[in-house]
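Enquirer:
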Amino acid sequence: MKRVGKTYPIHDAYAKVTGRAKYVGDIKLNNMAHIAVLFSEIPHGKVLSIDSTKALELDGVIAVLDPFNTTQNKYSRYKTRDEQTVDLTERIFTDHPRFVGDPIAAVVAETEEIARKAVRLMKVEYEEYPYALTAEEALSGKIDNISEKGPISAELNKVYGDEDINCDDCIKVTTEVDIQKLHHAAMETHACVVDIDFSNDSIIVYSPNQSVFGIRTLVSNLFEIPNHKVRIVKTTMGGSFGAKQEWLVEPIAVACALRVKRPVRLVYNREETIVSTISRATMKNTMTSYFTKDGRVKKVEVDVLLNKGAYEGNSIPYIATMLSKYSRAYRFENVVYRGRAVLTNTPVSGAFRGWTAGEAATTIEFNFNEAAKILGIDPVEIRLKNCMLSGEKDIQTGVSLDDINMKECILVGKEKFEWERRKKEKEEFNKKNERYKRGIAVACGGHVSGFYPKVIDYSRVDMKMTDQGKIIVSATIHDHGCGTVTAFKVITAEVFDIDVDDITLGEGDTEKTPYDLGCYSSRTTYVVGRTTQNCAEKLLAMILDYAAKYKSTDRESLYVENGKIYSKIDKEIALTYREVAFYMMYKEQIEPFASVSYKNESNPGTVAAQFAEVEVDTYSGMTKVLKFVAVHDIGKAINREMCIAQIQGSVVMGIGAALSEKLLVRENGKPINSFKDYHLINSYEIPDTEVYLVEAEGNNGPFGAKSIGEAAVVPVAAAVAGAVNDALGSSIGKTPINADAIAKYLQEKEKRVK
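The following block contains the structure:
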């Protein structure tokens, strides 16, 4: 391949580094008003009254919206398709706030400063209710009115595989992990601009989001507007990691625009984004595995208790998806699963990069490390004994994992990390040093490439060639800033054998681009990318048909090279695409155009093995990651360095999850609300990181590509946490393993020794 597998800058790199990129917060419309939101200051209660008198008296205030003067209709932040069965439990502005940060009112004003000042002038009278911050508290009956159906928003009990399997001679290993709440920390906060087109009584929503058609569904249903009167435009996105998969600011902005009959702008600051949007859920996961004496796992029992926060959202699919992530990397003969999502008076949890795959990996890898200790087996070897192999099927879906290369990833990682050398050296280092201790670990993880078979996963792409021989692609994609637009240009360029710059490709716009489910479940490259390849091939076939007609030559003799059409039998033929397109449009009077709908019916395994070495300062409790090696089976890298950059960024994200990040909710129900207290990894803390790609193109993705965006982060936290436990000789099953956690462990260890 000439273009696939090479390296290209993302399509808007120059605009971003020069400050010319236009994000939604930069949009300026004529006569635009600005919104500020009033959030609940209590974790649970009833809004008895809101006094907006002083706010409305402020010069420049246009309107105040609250629970008493806006629609009573309810919606779900997660619902993206009409056929989805999801309970509608949320209002735009609620008079029953369920967490600190629940929107209860908004001010529309001439400037953002005036709107925010007006919000501070509003007085709210509450009746406070009892509240629960943990799943255990909620289940104990501490609260009884958070939801009509009680505190459990979703429960799933499933058994897969051989239910009669005999485990009498097996070693039983039971572990428990507590996984913390995380903030996505995308550089761009949540924002939205809404315009009204009075020429046809329609609204236009500009939003950095992951599903333009999903937002259209919500807005249409919530405000009872025909969906052809609702246009959603995906804007340049400054990161998401799942945070912009659910619809949080759009309902507020649309309500305000409809009220004041003007364009409106709503941009959350960092505090509002942390407190009022979504986060990764707190979980308590118990896993019992049954190993043969030689280290082969036969059966696993998993119990997941998930703190969903204040609203149901994606509870049901999230619990179900976590079950599916347990069998993407490892072979189990029997899986017994219980999952519960519990409502509490904390910020709502929702989609987060990996959609539970990282949490599943943390749970499994901790259990496997404990099993390796008990059985006296090397951690790498126990994974080699149990990893999935090419052609094997997912125990839960029955779908083949196709060309899964888990074993190859482990072996490559073991070699590149120099596992045996580092194992010996860290043992010698730890004998000589009292204060500093080193540890190493390996962790594996898997993810999906699309919805199949849980949801019918399909896409459509349209493509045409201009009379200048250039390509225009119409596909509903949602680039998070990670290079999706460029990747799709590369796929198209490979088919036509032309430069990437000869291709134009926009992003999702419900008025201009074809229907698509959205950018999640790591489906974009695998499904929409494959559709793009198919569409390009169809258009190229059409071009060649007319080239043959134009030159009165045999169609089968024509081939493409470096953007020109040649004939194997007539050396005089050397047509440019421009010549053929011109002939088609102005002689044959037909536009070079193709449209392809593609239904995906496969879901190959996309897996990784990652290795970490750490050094722990037992005096301060601080941990330094010294070395990290990530090996990923991605099928085929479309844009090589961007794939590597995705993985490098994921390593940083995963280290934060393992060692420092935690969205803490205080005892009064108020979350921390700034990066001063939410500890992201700093640039100087990033370790020496090596990335290796295992490429085997035997799948249905474009030119053999699978997914990477989510799979990249899945095992990172598990690898780092495992290395810390190896350094300390500990079994700390709670993340983050920060300085406080290490100090607590060492103090308890000292007490036991005494």
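In our numbering, each number is its position in the sequence shown, counted from 1, plus 1386. In this text, a Cβ means the ideal position worked out from N, Cα and C, and glycines have one as well. All figures in this text were calculated on a predicted structure; none of them were measured in a lab.
(1) Mapping the DSSP letters down to three states, classify Met1387 as helix, strand or coil.
(2) Buried or exposed: where does Leu1944 fall if 16 or more other Cβ atoms within 10 Å of its Cβ makes it buried?
(3) Given 8 Å as the limit, is there contact between the stretch 1569-1583 and the stretch 1639-1657, that is, 3 or more CB pairs closer than that?
(4) Kindly indicate which three-state DSSP category Pro1489 falls into: helix, strand or coil?
(5) Could you check what DSSP says for Tyr2064 in three-state terms: helix, strand or coil?
(6) If you follow the beta strand (DSSP E) that Cys1578 is part of, which residue opens it and which one closes it?
(7) I need the boundaries of the alpha helix (DSSP H) containing Ala2149, first residue and last residue.
(8) Identify every residue that forms a DSSP beta bridge with Ala2125.
(9) Using only CA atoms, which one of Gly2055, Ile1490 and Thr1878 lies nearest to Arg1389?
(10) For a test of the three-state rule: what should DSSP assign to Val1886, helix, strand or coil?
(11) Would you list the residues sitting across from Leu1692 in a DSSP beta bridge?
(12) Quick check on Gly2084: buried or exposed, where buried means 16 or more other Cβ atoms within 10 Å of its Cβ?
(13) Name the DSSP beta bridge partners of Cys1830, please?
(14) What residue range does the beta strand (DSSP E) around Gly1547 cover?
(15) By DSSP, does Phe1609 sit in helix, in strand, or in coil?
(16) Between which two residues does the alpha helix (DSSP H) containing Ser1662 stretch?
(17) Less than 6 Å between C-beta atoms, sequence neighbours within five positions excluded: which residues of the same chain meet that for Ser1981?
(18) Name, in chain order, the residues that DSSP records as bridge partners for Glu1476.
(19) What's the C-alpha gap between Leu1442 and Gly2055?
(20) Rounded to whole angstroms, how far is the Cβ of Glu1663 from the Cβ of Thr1707, which I believe are closer than 8 Å?
(21) Extract the residue ranges of the alpha helix (DSSP H) inside the stretch 1949-2033, only unbroken runs of 4 or more that lie entirely within it.
(22) Provide the residue(s) that pair with Asn1720 in DSSP beta bridges, ordered along the chain.
(23) Can you tell which of Asp1437, Glu2076, Trp1633 and Lys1823 has its C-alpha closest to the C-alpha of Arg1477?
(24) Expressed to the nearest angstrom, what Euclidean distance is found between the alpha-carbon atoms of Val1914 and Ser1845?
(25) Apart from the five residues on each side of it in sequence, which residues of its chain come closer than 7 Å, Cβ to Cβ, to Phe1627?
(26) Roughly how many whole angstroms lie between the Cα atoms of Val1761 and Val1688?
(27) Looking only at DSSP bridge pairs, what is Val1849 linked to?
(28) Please check the pair Lys1620 and Val1598, which I expect to be a contact at CB under 8 Å, by giving their CB distance rounded to whole angstroms.
(29) In whole angstroms, what is the alpha-carbon distance linking Asn1989 and Thr1783?
(30) On the DSSP letters alone, give me the boundaries of the beta strand (DSSP E) that Val1650 sits inside.
(31) Under the rule that 16 or more other beta-carbon atoms within 10 Å means buried, what is Asp1555, buried or exposed?
(32) Out of Arg1941, Tyr1936 and Val1859, state which residue places its alpha-carbon closest to the alpha-carbon of Cys1921.
(33) With which residues is Gly1409 paired in a DSSP beta bridge?
(34) Using a Cβ-Cβ cutoff of less than 6 Å, which residues in the same chain neighbour Glu1745 once the five nearest sequence positions on both sides are dropped?
(35) Among the residues of its own chain, which have a CB less than 8 Å from the CB of Arg1964, if the five just before and after it don't count?
(36) Hey, would you say Lys1544 sits closer than 8 Å to Leu1709, going by beta carbons?
Expert: This is what the structure holds:
(1) Reading the sequence shown from its first residue, position 1 is the one you call residue 1387. Coil.
(2) Here residue 1944 corresponds to residue number 558 of the sequence shown, with the count starting at 1. Buried, since its Cβ has 16 or more Cβ neighbours within 10 Å.
(3) yes
(4) Numbered from its first residue, the sequence shown carries residue 1489 at position 103. Residue state, collapsed to three classes: strand.
(5) Taking the sequence shown and counting its residues from 1, one reaches residue 2064 at position 678. Coil, per DSSP.
(6) Your numbering for residue 1578 matches position 192 in the sequence shown. Its beta strand (DSSP E) spans residues Ala1577 to Asp1583.
(7) There is no way to answer for residue 2149, as the model of the chain reaches only from 1387 to 2140.
(8) Taking the first residue of the sequence shown as position 1, residue 2125 is located at position 739. Its beta-bridge partners do not exist; DSSP assigns none.
(9) Here residue 1389 refers to the residue found at position 3 when the sequence shown is read from its first residue. It is Thr1878 whose Cα lies nearest to the Cα of Arg1389.
(10) By 1-based counting over the sequence shown, the position of residue 1886 is 500. In this structure, Val1886 counts as helix in the three-state DSSP scheme.
(11) In the sequence shown, the residue the question calls residue 1692 occupies position 306. Under DSSP, Leu1692 shares a beta bridge with Met1669 and Ala1727.
(12) For the purposes of this step, residue 2084 is taken as the residue at position 698 of the sequence shown. Exposed is the call here.
(13) Sequence index remark: in the sequence shown, residue 1830 carries index 444 (1-based). DSSP lists Ala1995 as partners of Cys1830.
(14) Indexing the sequence shown from 1 puts residue 1547 at position 161. Taken as a continuous stretch (DSSP letters only), the beta strand (DSSP E) holding Gly1547 covers Ile1538 to Gly1547.
(15) As a position in the sequence shown, residue 1609 is number 223, starting the count at 1. Three-state result, Phe1609: helix.
(16) Walking along the sequence shown from the start, residue 1662 turns up at place 276. Run containing Ser1662: Arg1656 to Ser1662, per the alpha helix (DSSP H) assignment.
(17) On the sequence shown, position 595 is the one that residue 1981 refers to. Cβ within range, chain order: Asp1848.
(18) Your numbering for residue 1476 matches position 90 in the sequence shown. DSSP, once it has assigned bridges, lists Tyr1461 as partnering Glu1476.
(19) Translated into positions along the sequence shown, residue 1442 becomes position 56. Translated into positions along the sequence shown, residue 2055 becomes position 669. Each residue's Cα considered, the two are about 30 Å apart.
(20) Here residue 1663 refers to the residue found at position 277 of the sequence shown. Here residue 1707 refers to the residue found at position 321 of the sequence shown. Residue identity differs from the one stated: residue 1663 is Thr in this sequence, not Glu. Not really, about 20 Å apart at Cβ, beyond 8 Å.
(21) 1963-1972
(22) The count along the sequence shown starts at 1 and reaches residue 1720 at position 334. Answer is Gly1547 and Lys1685, bridged to Asn1720.
(23) As a position in the sequence shown, residue 1477 is number 91, starting the count at 1. The option with the nearest alpha carbon to Arg1477 is Trp1633.
(24) As a first step, residue 1914 must be located in the sequence shown, where it is residue number 528. As a first step, residue 1845 must be located in the sequence shown, where it is residue number 459. Roughly 6 Å between the two C-alpha positions.
(25) Taking the first residue of the sequence shown as 1, we reach residue 1627 at position 241. Answer for Phe1627: His1570, Ala1572, Phe1738 and Arg1739, listed in chain order.
(26) Numbered from its first residue, the sequence shown carries residue 1761 at position 375. Numbered from its first residue, the sequence shown carries residue 1688 at position 302. It should be noted that the sequence gives Leu, not Val, for residue 1761. So the two alpha carbons sit approximately 21 Å from each other.
(27) Translated into positions along the sequence shown, residue 1849 becomes position 463. This sequence places Met at residue 1849; Val is not what is there. In the DSSP output, where bridge partners are listed per residue, Met1849 has Val1859 and Ala1980.
(28) One-based indexing of the sequence shown puts residue 1620 at position 234. One-based indexing of the sequence shown puts residue 1598 at position 212. At roughly 5 Å, the Cβ-Cβ gap stays under 8 Å, so Lys1620 and Val1598 are in contact.
(29) Your numbering for residue 1989 matches position 603 in the sequence shown. Your numbering for residue 1783 matches position 397 in the sequence shown. If I take the Cα positions, the gap works out to 10 Å.
(30) As a working mapping, residue 1650 is identified with position 264 in the sequence shown. Val1650 to Val1653 is the span of the beta strand (DSSP E), which, as asked, contains Val1650.
(31) Residue 1555 sits at position 169 when you count from the first residue of the sequence shown. Asp1555 comes out exposed.
(32) What you label residue 1921 is simply residue 535 of the sequence shown in a count that begins at 1. The shortest Cα separation from Cys1921 among Arg1941, Tyr1936 and Val1859 belongs to Val1859.
(33) In the sequence shown, the residue the question calls residue 1409 occupies position 23. Gly is not the amino acid found at residue 1409; the sequence shown has Tyr there. According to DSSP, Tyr1409 bridges with Thr1622.
(34) In the sequence shown, residue 1745 corresponds to position 359, counting from 1. Counting only residues of its own chain and dropping the five nearest sequence neighbours on each side, Glu1745 has a CB closer than 6 Å to the CB of Ile1565 and Met1669.
(35) Mapped onto the sequence shown, residue 1964 falls at position 578. If we look at Arg1964 and ignore the five residues flanking it on each side, its Cβ neighbours are Asp1853, Gln1854 and Gly1855.
(36) Start at 1 with the first residue of the sequence shown, and residue 1544 comes out as number 158. Start at 1 with the first residue of the sequence shown, and residue 1709 comes out as number 323. Cβ atoms of Lys1544 and Leu1709: closer than 8 Å.
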